[in-house]
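Keeping their order, the protein sequence lines are chains A and B.
Sequential numbering of the first sequence, starting at 1, is according to full-length UniProt numbering.
Sequential numbering of the second sequence, starting at 1, is according to full-length UniProt numbering.
Number of protein chains: 2
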Amino acid sequence: MRKFLLPEGEIPRKWLNIAPLLPEPLEPPLDPETKEPVSPEKLLVIFPEPLVMQEVSDQEWIDIPEEVLDILSLWRPTPLHRAKNLEEFLGTPAKIFYKNESVSPPGSHKPNTAVAQAYYNKISGVKRLTTETGAGQWGSALSFATQFFGIECRVYMVRVSYNQKPYRRVLMETWKGEVIPSPSPYTNAGKQFYEKDPEHPGSLGIAISEAIEEAATRDDTKYSLGSVLNHVLLHQTVIGLEAKRQMEEAGFYPDVVIGAVGGGSNFAGLSFPFLADKLRGDKPNLKVLAVEPQACPTLTKGEYRYDFGDTVGLTPLIKMYTLGHDFVPPPIHAGGLRYHGDAPLVCKLYDLGYIDAVAYKQTEVFEAAVTFARTEGIIPAPESSHAIKAAIDEAIRCKETGEEKVILFNLSGHGYFDLSAYDKYLRGELEDS
Amino acid sequence: MRKFLLPEGEIPRKWLNIAPLLPEPLEPPLDPETKEPVSPEKLLVIFPEPLVMQEVSDQEWIDIPEEVLDILSLWRPTPLHRAKNLEEFLGTPAKIFYKNESVSPPGSHKPNTAVAQAYYNKISGVKRLTTETGAGQWGSALSFATQFFGIECRVYMVRVSYNQKPYRRVLMETWKGEVIPSPSPYTNAGKQFYEKDPEHPGSLGIAISEAIEEAATRDDTKYSLGSVLNHVLLHQTVIGLEAKRQMEEAGFYPDVVIGAVGGGSNFAGLSFPFLADKLRGDKPNLKVLAVEPQACPTLTKGEYRYDFGDTVGLTPLIKMYTLGHDFVPPPIHAGGLRYHGDAPLVCKLYDLGYIDAVAYKQTEVFEAAVTFARTEGIIPAPESSHAIKAAIDEAIRCKETGEEKVILFNLSGHGYFDLSAYDKYLRGELEDS
Numbered sequence: 001m002r003k004f005l006l007p008e009g010e011i012p013r014k015w016l017n018i019a020p021l022l023p024e025p026l027e028p029p030l031d032p033e034t035k036e037p038v039s040p041e042k043l044l045v046i047f048p049e050p051l052v053m054q055e056v057s058d059q060e061w062i063d064i065p066e067e068v069l070d071i072l073s074l075w076r077p078t079p080l081h082r083a084k085n086l087e088e089f090l091g092t093p094a095k096i097f098y099k100n101e102s103v104s105p106p107g108s109h110k111p112n113t114a115v116a117q118a119y120y121n122k123i124s125g126v127k128r129l130t131t132e133t134g135a136g137q138w139g140s141a142l143s144f145a146t147q148f149f150g151i152e153c154r155v156y157m158v159r160v161s162y163n164q165k166p167y168r169r170v171l172m173e174t175w176k177g178e179v180i181p182s183p184s185p186y187t188n189a190g191k192q193f194y195e196k197d198p199e200h201p202g203s204l205g206i207a208i209s210e211a212i213e214e215a216a217t218r219d220d221t222k223y224s225l226g227s228v229l230n231h232v233l234l235h236q237t238v239i240g241l242e243a244k245r246q247m248e249e250a251g252f253y254p255d256v257v258i259g260a261v262g263g264g265s266n267f268a269g270l271s272f273p274f275l276a277d278k279l280r281g282d283k284p285n286l287k288v289l290a291v292e293p294q295a296c297p298t299l300t301k302g303e304y305r306y307d308f309g310d311t312v313g314l315t316p317l318i319k320m321y322t323l324g325h326d327f328v329p330p331p332i333h334a335g336g337l338r339y340h341g342d343a344p345l346v347c348k349l350y351d352l353g354y355i356d357a358v359a360y361k362q363t364e365v366f367e368a369a370v371t372f373a374r375t376e377g378i379i380p381a382p383e384s385s386h387a388i389k390a391a392i393d394e395a396i397r398c399k400e401t402g403e404e405k406v407i408l409f410n411l412s413g414h415g416y417f418d419l420s421a422y423d424k425y426l427r428g429e430l431e432d433s
Numbered sequence: 001m002r003k004f005l006l007p008e009g010e011i012p013r014k015w016l017n018i019a020p021l022l023p024e025p026l027e028p029p030l031d032p033e034t035k036e037p038v039s040p041e042k043l044l045v046i047f048p049e050p051l052v053m054q055e056v057s058d059q060e061w062i063d064i065p066e067e068v069l070d071i072l073s074l075w076r077p078t079p080l081h082r083a084k085n086l087e088e089f090l091g092t093p094a095k096i097f098y099k100n101e102s103v104s105p106p107g108s109h110k111p112n113t114a115v116a117q118a119y120y121n122k123i124s125g126v127k128r129l130t131t132e133t134g135a136g137q138w139g140s141a142l143s144f145a146t147q148f149f150g151i152e153c154r155v156y157m158v159r160v161s162y163n164q165k166p167y168r169r170v171l172m173e174t175w176k177g178e179v180i181p182s183p184s185p186y187t188n189a190g191k192q193f194y195e196k197d198p199e200h201p202g203s204l205g206i207a208i209s210e211a212i213e214e215a216a217t218r219d220d221t222k223y224s225l226g227s228v229l230n231h232v233l234l235h236q237t238v239i240g241l242e243a244k245r246q247m248e249e250a251g252f253y254p255d256v257v258i259g260a261v262g263g264g265s266n267f268a269g270l271s272f273p274f275l276a277d278k279l280r281g282d283k284p285n286l287k288v289l290a291v292e293p294q295a296c297p298t299l300t301k302g303e304y305r306y307d308f309g310d311t312v313g314l315t316p317l318i319k320m321y322t323l324g325h326d327f328v329p330p331p332i333h334a335g336g337l338r339y340h341g342d343a344p345l346v347c348k349l350y351d352l353g354y355i356d357a358v359a360y361k362q363t364e365v366f367e368a369a370v371t372f373a374r375t376e377g378i379i380p381a382p383e384s385s386h387a388i389k390a391a392i393d394e395a396i397r398c399k400e401t402g403e404e405k406v407i408l409f410n411l412s413g414h415g416y417f418d419l420s421a422y423d424k425y426l427r428g429e430l431e432d433s
């Protein structure tokens with residue numbers, strides 16, 4: 001069998017919160033001025049109450065509202081595939097499985113949390129959401145999600161991407177998102193750059209500042225973030241909860257679970273339900289592998305300390321592995337992995353030794369992507385291709401040792417909007433960052 | 001329930017051949033010189049024997065080879081969705097269902113036949129396939145399919161598309177397809193245009209001639225066509241066979257089955273298994289609706305007569321509705337519907353009154369596409385959006401009459417590669433062809 005589905009109606013009905021399973025509590029975010037823990041009240045300025053409660057929750061299981069399940073069922077459950085062609089191509093005794101999150105209409109795992117966030121904002125009376133987007137993956141997901149709940153969505157899109165990736169902009173606009181090139185003249189944060197240069201290329205840092213400023217200064221508007229925070233990772237656990245049941249159906253439990261890490265949301269979404277077993281002591285030998293680009297090696301080369309979540313220093317201080325909030329990674333094509341830090345939950349589990357990490361260069365990642373496209377047929381996103389590369393390396397090690405390991409990775413998205421990078425790779429013109 | 005799957009392993013194991021169910025036999029293709037029926041032997045110059053046998057078969061059910069099922073299972077069965085949000089938005093008592101063929105890796109229904117054709121060529125000892133592609137949908141599907149069987153694939157791509165749609169080219173190249181801008185210097189057919197103007201924009205007619213010429217003059221090479229022919233339509237019946245069982249699971253039999261018609265393959269794929277019931281006399285009231293663009297109104301305004309299948313007159317004469325083989329439709333964005341004729345099987349059934357047809361203008365089709373994207377969340381291909389427009393019109397009529405009709409249409413592909421057309425529509429700049 002190549003594909004494992006779950007009958008419709010069998011989407012998980014609860015999210016798994018891994019925080020209460022940690023052997024020691026997560027360090028709280030700190031106010032940069034007082035160095036005291038930030039109170040939930042402060043977060044209510046930019047997030048609605050239900051999401052703030054989820055952010056600090058110590059409940060292990062949290063009900064998924066019916067209204068959210070209803071929208072998720074447009075594409076969930078997503079298939080789990082056995083990568084038989086890839087196994088044959090590699091000549092490995094390993095069994096390779098992947099969870100296919102690329103089948104969502106926005107093409108990635110991102111709508112799993114976008115739909116939940118839009119819903120909780122809706123029931124909290126919020127009329128508008130702001131967010132930022134770099135390559136456009138998150139902005140697409142939030143535009144897609146908000147339209148179902150009649151919420152307006154404004155996306156500050158880094159101007160260089162706005163100009164270079166018009167199709168991502170059109171995708172957001174087709175889903176009624178309002179896309180603003182950043183820096184813009186509409187916020188104080190943007191204005192200082194815009195007025196000096198209306199064609200300023202922008203940065204994710206500036207775009208975040210614009211989105212947060214607007215949410216903080218308008219009563220009808222909140223802010224939405226696509227990764228890093230506890231509640232975002234929580235919403236992504238549907239991936240791993242489905243995958244666990246599909247792996248059971250296939251008759252296996254993974255020896256290795258793999259995901260690419262940018263902010264940590266697709267990695268956590270797949271791995272946390274399996275990591276929960278390890279934290280409970282049931283699966284002591286489970287290997288959980290976080291894969292990052294060598295161009296932005298947060299876990300493998302960063303320091304574990306308090307740092308700002310954004311570039312300009314508007315957010316609370318967060319305890320995480322960081323390359324420094326002013327670190328600017330090279331412009332690799334896996335735009336979703338270009339984050340100086342990582343989700344605090346992922347960092348804590350890495351620090352405690354429950355997670356391993358590895359970093360790859362861009363060219364070897366694209367080589368893996370093309371191998372996957374030519375065996376399994378799906379064009380993977382550059383971000384997801386980091387997980388593919390690690391899965392292939394594990395499978396090749398199995399070939400050397402003869403181990404029949406069961407490998408599971410997250411295919412977090414497709415690469416239909418990244419074909420210019422494939423073109424460069426195929427022509428031998430890709431920078432080996 | 002929004003989505004109806006079939007457990008893996010339940011892909012249909014036989015294709016349905018509608019030819020033997022016709023109340024009178026299909027007129028055979030004729031040799032343009034002798035006006036006598038073309039012998040199967042002549043077709044063997046460009047097609048392998050198993051496909052020629054399927055082309056003229058009078059067997060009602062034809063086994064799908066295991067090797068083909070194995071590759072189809074990478075994405076099949078495809079989901080059947082109930083378009084609940086669209087129903088609510090329209091306020092209709094009608095029940096709207098759609099079969100989602102956009103989930104295949106090349107993004108449309110085309111690989112259903114591409115995989116079968118690649119397989120039969122493989123077992124017939126063919127080493128290379130040639131084909132033509134306009135917008136790139138078919139070329140992508142054949143590149144995708146041939147890589148699984150180790151067959152080389154050369155795609156003659158109309159030069160203007162080659163230059164304007166680089167992402168489609170990259171998609172084919174990632175799947176190992178060799179993409180040649182047409183007219184090329186590699187064939188006599190291409191040379192006469194290429195030598196006068198190396199930047200000649202090309203046409204589908206020239207590209208077909210190049211692909212056929214190469215297949216006819218090289219022993220290791222055959223030609224592959226993505227629509228029109230009986231065996232192509234046969235391979236697409238997996239769509240409707242799955243949909244019938246999924247509709248049963250949902251508890252309904254459709255009153256109206258709708259598909260867009262270019263050459264006829266996605267339309268036939270969905271509708272033939274239902275039309276078979278009508279031909280057998282079991283469902284006399286079933287309405288089957290073919291939807292075409294007003295810019296290329298083959299069924300609604302064409303003549304039913306013998307005509308060439310290609311523009312330059314290399315093919316046999318085919319009995320079909322035609323606008324004339326030299327008809328050049330305006331450059332609408334639904335490139336897959338710009339064909340002067342239609343599949344003979346579809347034309348025969350239309351002539352006999354088993355099928356209705358309707359034609360729409362480009363702007364109203366994009367309006368329907370955006371309505372669909374904003375209710376059901378999926379960005380449809382411009383081709384598929386013709387079916388959506390017809391489904392919406394049926395549902396609105398039900399609102400007026402109070403009828404609770406069950407409507408089923410084919411979402412034959414996604415629109416990720418057509419976002420420039422959406423951009424034009426959203427800006428009010430789309431030509432109303």
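Idealized CB from N, CA, C, for every residue including glycine.
So what does DSSP say about residue i, is it helix, strand or coil?
i: C296/B; result: coil
i: D326/A; result: coil
i: R82/A; result: strand
i: E383/A; result: helix
i: T130/B; result: strand
i: H235/A; result: helix
i: D307/B; result: strand
Please list, in chain order, the chain A residues whose beta carbon lies closer than 7 Å to that of residue i.
i: V103/B; result: V103
For chain B, is any of its Cβ atoms less than 7 Å away from the one on residue i?
i: S73/A; result: yes
i: K13/A; result: The amino acid at residue 13/A is misidentified as Lys; the sequence shows Arg. No, no contact with chain B.
i: F366/A; result: no
i: Y119/A; result: no
i: R2/A; result: yes
i: V170/A; result: yes
i: Y162/A; result: no
For residue i, which residues from the same chain have a beta carbon less than 8 Å from its beta carbon, with the 5 sequence-adjacent residues on both sides left out?
i: R280/B; result: L21
i: residue 442/A; result: Because chain A spans 1 through 433 in this model, residue 442/A falls outside it and cannot be assessed.
i: A390/A; result: I258, L289, V291, V358, Y360 and F409
Please confirm if residue i has its CB atom under 7 Å from at least one CB of chain A.
i: D423/B; result: yes
i: V38/B; result: no
i: F274/B; result: no
Residue i versus chain B: which residues are under 7 Å apart at the beta carbon?
i: E173/A; result: L426
i: V370/A; result: T174
Give the residues of chain B in contact with residue i, contact being defined as C-beta atoms less than 9 Å apart.
i: V232/A; result: The premise fails here: V232/A is roughly 20 Å from chain B at the closest Cβ pair, so nothing lies under 9 Å.
In chain B, which residues lie with their C-beta within 8 Å of the C-beta of residue i?
i: A373/A; result: T174 and W175
Can you list, in chain order, the residues of its chain with a C-beta nearer than 6 Å to that of residue i? Leave out the 5 residues immediately preceding and following it.
i: E33/A; result: none
i: M320/A; result: G341, D342, P344 and C347
i: V103/A; result: W75 and T78
i: A369/A; result: P380 and S385
Using a C-beta to C-beta distance shorter than 9 Å, which residues of chain A count as neighbours of residue i?
i: V155/B; result: Correct list: empty, because the minimum Cβ distance to chain A is about 15 Å.
Within its chain, find whatever has a CB closer than 7 Å to the CB of residue i; leave out the 5 residues flanking it on each side and keep chain order.
i: D351/B; result: Y304
Under 8 Å between beta-carbons, which chain A residues line up against residue i? List them in chain order, please.
i: Y98/B; result: Here the premise fails: no neighbours, minimum Cβ distance about 12 Å.
Legend entry - Sufficient close CB pairs (3 or more, under 8 Å) joining the stretch 337 to 353 of chain A to the stretch 392 to 401 of chain A: Touching, no, given that fewer than three Cβ pairs across the two stretches are closer than 8 Å.
Inset, instruction - Decide if the stretch 349 to 356 of chain B is in contact with the stretch 286 to 298 of chain B; the criterion is three or more beta carbon pairs, one per stretch, under 8 Å apart. - result: yes
Inset, instruction - Could you tell me whether the stretch 232 to 242 of chain A touches the stretch 307 to 327 of chain A, using the rule of 3 or more Cβ pairs below 8 Å? - result: Fewer than three Cβ pairs drawn from the stretch 232 to 242 of chain A and the stretch 307 to 327 of chain A lie within less than 8 Å of each other, which leaves the two stretches out of contact.
Inset, instruction - Count the C-beta pairs between the stretch 87 to 103 of chain B and the stretch 179 to 189 of chain B that are closer than 8 Å, then say yes if the count reaches three, no if not. - result: The way I'd put it, the stretch 87 to 103 of chain B doesn't touch the stretch 179 to 189 of chain B; fewer than three beta-carbon pairs between them come closer than 8 Å.
Inset, instruction - Kindly confirm or deny that the stretch 295 to 303 of chain A and the stretch 206 to 219 of chain A touch, where touching means at least three C-beta pairs closer than 8 Å. - result: Below 8 Å, too few C-beta pairs join the stretch 295 to 303 of chain A and the stretch 206 to 219 of chain A to call them touching: fewer than three.
Inset, instruction - Could you say if the stretch 263 to 278 of chain B and the stretch 224 to 232 of chain B meet the contact criterion of at least three C-beta pairs nearer than 8 Å? - result: yes
Inset, instruction - Examine the Cβ distances between the stretch 419 to 428 of chain A and the stretch 198 to 207 of chain B and report whether three or more of them are shorter than 8 Å. - result: For the pair of segments examined, the stretch 419 to 428 of chain A was found not to touch the stretch 198 to 207 of chain B: the number of CB pairs separated by less than 8 Å stays below three.
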